[in-house]
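Top to bottom, those sequences are chains A and B.
Residue numbering for the first sequence follows my numbering, starting at 2 and increasing by one per position.
Residue numbering for the second sequence follows my numbering, starting at 45 and increasing by one per position.
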Amino acid sequence: MIHRFESNGHRLMLDVNSSSVCDLDEISYKLLPFIGKNMQRSLPVEASKSLSRYTHDELSETWNELFELKQNGRLFSPDIYGKYKNVGDKAPIKSMCLNVAHDCNLRCSYCFASTGNFGGERKLMSFSVGKKAIDFLIAHAGNRRQLEIDLFGGEPMMNFDVVKKLVAYGREAEKKAGKVIRFTTTTNALLLDDERIDFINREMYNVVLSIDGRQAIHDKMRPRADGTGSYETILANIKRLVNNRKSGTCYVRGTFTRENLDFSKDVLSLADEGFQDISIEPVILPKDHPLALREEDLPRIFEEYDTLANEIIHRQREGRGFNFFHFMIDMEHGPCAIKLLRGCGCGNEYIAVTPEGDIYPCHQFVGNEDFKMGSVLDQSVDQSMKDTFSKANIFTKDKCNDCWAKFFCSGGCNANNHAMQGNILAPFDISCALERKRLECALMIQSELQTNA
Amino acid sequence: MKHIKVLNERKLQETVKKGGCGECQASCQSACKTSCTVANQTCENR
Numbered sequence: 002m003i004h005r006f007e008s009n010g011h012r013l014m015l016d017v018n019s020s021s022v023c024d025l026d027e028i029s030y031k032l033l034p035f036i037g038k039n040m041q042r043s044l045p046v047e048a049s050k051s052l053s054r055y056t057h058d059e060l061s062e063t064w065n066e067l068f069e070l071k072q073n074g075r076l077f078s079p080d081i082y083g084k085y086k087n088v089g090d091k092a093p094i095k096s097m098c099l100n101v102a103h104d105c106n107l108r109c110s111y112c113f114a115s116t117g118n119f120g121g122e123r124k125l126m127s128f129s130v131g132k133k134a135i136d137f138l139i140a141h142a143g144n145r146r147q148l149e150i151d152l153f154g155g156e157p158m159m160n161f162d163v164v165k166k167l168v169a170y171g172r173e174a175e176k177k178a179g180k181v182i183r184f185t186t187t188t189n190a191l192l193l194d195d196e197r198i199d200f201i202n203r204e205m206y207n208v209v210l211s212i213d214g215r216q217a218i219h220d221k222m223r224p225r226a227d228g229t230g231s232y233e234t235i236l237a238n239i240k241r242l243v244n245n246r247k248s249g250t251c252y253v254r255g256t257f258t259r260e261n262l263d264f265s266k267d268v269l270s271l272a273d274e275g276f277q278d279i280s281i282e283p284v285i286l287p288k289d290h291p292l293a294l295r296e297e298d299l300p301r302i303f304e305e306y307d308t309l310a311n312e313i314i315h316r317q318r319e320g321r322g323f324n325f326f327h328f329m330i331d332m333e334h335g336p337c338a339i340k341l342l343r344g345c346g347c348g349n350e351y352i353a354v355t356p357e358g359d360i361y362p363c364h365q366f367v368g369n370e371d372f373k374m375g376s377v378l379d380q381s382v383d384q385s386m387k388d389t390f391s392k393a394n395i396f397t398k399d400k401c402n403d404c405w406a407k408f409f410c411s412g413g414c415n416a417n418n419h420a421m422q423g424n425i426l427a428p429f430d431i432s433c434a435l436e437r438k439r440l441e442c443a444l445m446i447q448s449e450l451q452t453n454a
Numbered sequence: 045m046k047h048i049k050v051l052n053e054r055k056l057q058e059t060v061k062k063g064g065c066g067e068c069q070a071s072c073q074s075a076c077k078t079s080c081t082v083a084n085q086t087c088e089n090r
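Rendered as structure tokens:
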């Protein structure tokens, strides 16, 4: 399977099963429709007839190059991956979203967690429950060495004393177990003071700092509990953290909704504030929510991604480039095919734990009782639900079978699929369309920066 | 090649040889938390 597309003056071809990406000239691009998995060495007569504006020698020379690609496993390469589809079965649990606070000091209009409480009572995790969660992770990690704990909420910094104690406990526990725990956190930055900033920058492998971009958008979407804007405080706090960060990754991350379909301005506003690593992501809300993205918004959103892609190229050339998370693809050192078959691993390798110690497949399922799959208090895990999630891969998701993007998104977000379609195996069309557009932009950027350096 | 520029060296089919170690980051633990772009993760076993 291949995907060919034109973007910003480039003619690009992705060979799906090898993930090879080629920048083609006009003649080779026009020959692609004459190629299939049974491509032969000699130029087909019908290609010669249809493309008579080129000489036979030109066509033959180009055909030979395409045939070389085919021989080299980069064009209509076979799908060899079926035999690996069950590799994720009985996988250890190695990654945890630890919801240390089901409470929040902001009241964001689009919050999937019902403004922090996940539909339940506002509650902070006790040290005792958090400790049991860390013990649970280590006990279920099997031979995995690198473990991950994301300190999440609600707003995790509302439970800072417990966060500090849990990280200290994790540092001891990892040594005893011969593991490495990578702690990360996602915070709205409102409570960041010098102590919290020093702690985060010392202990967190990655930190995600939530901010929506332009002040007017941010203050409208992310007000404090008393209704006032939070932008100025948050921006100052985030800058302080970023400026003091010596190592480890750090993203400023926002959300766009129907209210700001011109979200490239929000991305650029964050870039103009000096941030290097930026993520602005599409909101996920029920279809009838006024802020939810609709199918009719797609052309406008696509336009916006194109604008952003061009601006990224422009700024890169001027020496003031920045990273936009959803345009980042590691084409040389990305995950292996086996990982790409099954994606996030939620409910199987990755779980979320609530302040009560309940286990859910991921943070997005928290609060949905149908998906409660155990407890760290008694170390129970619903193996049948874990098995169900272990089977969520690009083979069991029908829509993925013929999709050219399947080795980039790996079947999308299971929680999103369930929320929008009632089925973790049914990718949501709008999310798929956005993913494919972002990938085309990402590939175009790589091509432009490589070919017109 | 005169007509074609290959933009990446890596071929995905070759990654299965020493793949599947499971040590890489869960994609949702990166910058997103709501949607997946798994391909921007980095292999821990290269």
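We put the beta carbon where it would ideally sit given N, CA and C, even for glycine.
Nearest-angstrom Cα distance between residue i and residue j?
i       : j       : result
M45(B)  : L51(B)  : 12 Å
I250(A) : C87(B)  : Before going on, a small fix: residue 250(A) reads as Thr here, not Ile. The alpha-carbon atoms of T250(A) and C87(B) are separated by roughly 16 Å.
L25(A)  : L67(A)  : 10 Å
L262(A) : L292(A) : 10 Å
N160(A) : I48(B)  : 56 Å
Q365(A) : A416(A) : 6 Å
N245(A) : I239(A) : 10 Å
I330(A) : L444(A) : 8 Å
E296(A) : I431(A) : 6 Å
L269(A) : Q216(A) : 12 Å
S265(A) : L236(A) : 18 Å
E519(A) : L13(A)  : Any property of residue 519(A) remains undetermined from this structure, which presents chain A solely from 2 to 454.
N65(A)  : T397(A) : 37 Å
D289(A) : G322(A) : 38 Å
M374(A) : V382(A) : 6 Å
C68(B)  : P336(A) : 8 Å
By the DSSP assignment, the beta strand (DSSP E) with residue i in it spans what residues?
i       : result
G49(B)  : It should be pointed out that residue 49(B) corresponds to Lys in this sequence rather than to Gly. Its beta strand (DSSP E) spans residues 48-50.
I360(A) : 359-361
I94(A)  : It is not in any beta strand (DSSP E) - I94(A) carries neither H nor E in the DSSP assignment.
A353(A) : 351-354
S110(A) : No beta strand (DSSP E) holds S110(A); DSSP gives it neither H nor E.
Closest by CA to residue i, which one among the options?
i       : options                            : result
R123(A) : N106(A), I135(A), V130(A), A134(A) : N106(A)
S110(A) : V284(A), S376(A), F328(A), G322(A) : V284(A)
A427(A) : N402(A), A226(A), A142(A), I339(A) : N402(A)
F184(A) : A70(B), E53(B), E58(B)             : A70(B)
F96(A)  : D151(A), I3(A), L70(A), V253(A)    : Residue identity check: residue 96(A) is Ser in the sequence provided, not Phe. Residue D151(A) is the option with its Cα nearest to S96(A).
N453(A) : H4(A), R5(A), N9(A), I3(A)         : N9(A)
D80(A)  : I339(A), P34(A), W64(A)            : I339(A)
F409(A) : H11(A), A102(A), D16(A)            : D16(A)
E53(B)  : M332(A), L342(A), I3(A), K398(A)   : M332(A)
T229(A) : N202(A), G154(A), R108(A)          : R108(A)
I1(A)   : D273(A), E260(A), L99(A), I36(A)   : Outside the displayed span of chain A (2 to 454) sits residue 1(A), for which this structure offers no information.
E156(A) : V130(A), S115(A), R42(A), H4(A)    : S115(A)
Might you give, ordered along the chain, the residues of its own chain that have their beta carbon closer than 7 Å to the beta carbon of residue i, omitting 5 neighbours on each side?
i       : result
A200(A) : It should be noted that the sequence gives Phe, not Ala, for residue 200(A). Correct list, in chain order: K165.
I314(A) : I446, E449, L450
F376(A) : Looking at the sequence provided, one finds Ser at residue 376(A) rather than Phe. Result list for S376(A): G358, D359, I360, in chain order.
F113(A) : I285, Q365
D213(A) : H219, M222, R223, G255, T256, D267
N349(A) : G89, A92, K387, F390, S391
Y55(A)  : I28
F372(A) : Y361, P362, F366
What span of residues does the alpha helix (DSSP H) with residue i cover, start to end?
i       : result
E59(A)  : 57-72
R343(A) : 338-343
D220(A) : 216-222
F128(A) : 128-141
Who are the near neighbours of residue i in its chain, counting only those whose CB is closer than 8 Å to its CB and skipping five residues on each side?
i       : result
R439(A) : Y306, H327, F328
N39(A)  : none
Who are the Cβ neighbours of residue i in its own chain at under 6 Å, not counting the five residues just before and after it?
i       : result
R254(A) : V209, S211, S280
L299(A) : A434
Subject >> alpha helix (DSSP H) runs contained entirely in the segment 146-209 of chain A, provided each spans 4 or more residues >> reply: Runs of the alpha helix (DSSP H) inside the segment 146-209 of chain A: 161-178, 195-204.
Subject >> Those runs of the beta strand (DSSP E) which lie wholly inside the segment 282-318 of chain A and span at least 3 residues >> reply: none
Original post:
Which whole runs of the beta strand (DSSP E) in the segment 237-272 of chain A are 3 residues long or more, in chain order?
Top reply: 250-257
Original post:
If you scan the segment 359-432 of chain A from start to end, which runs of the beta strand (DSSP E) of 3 or more residues do you find wholly inside it?
Top reply: 359-361
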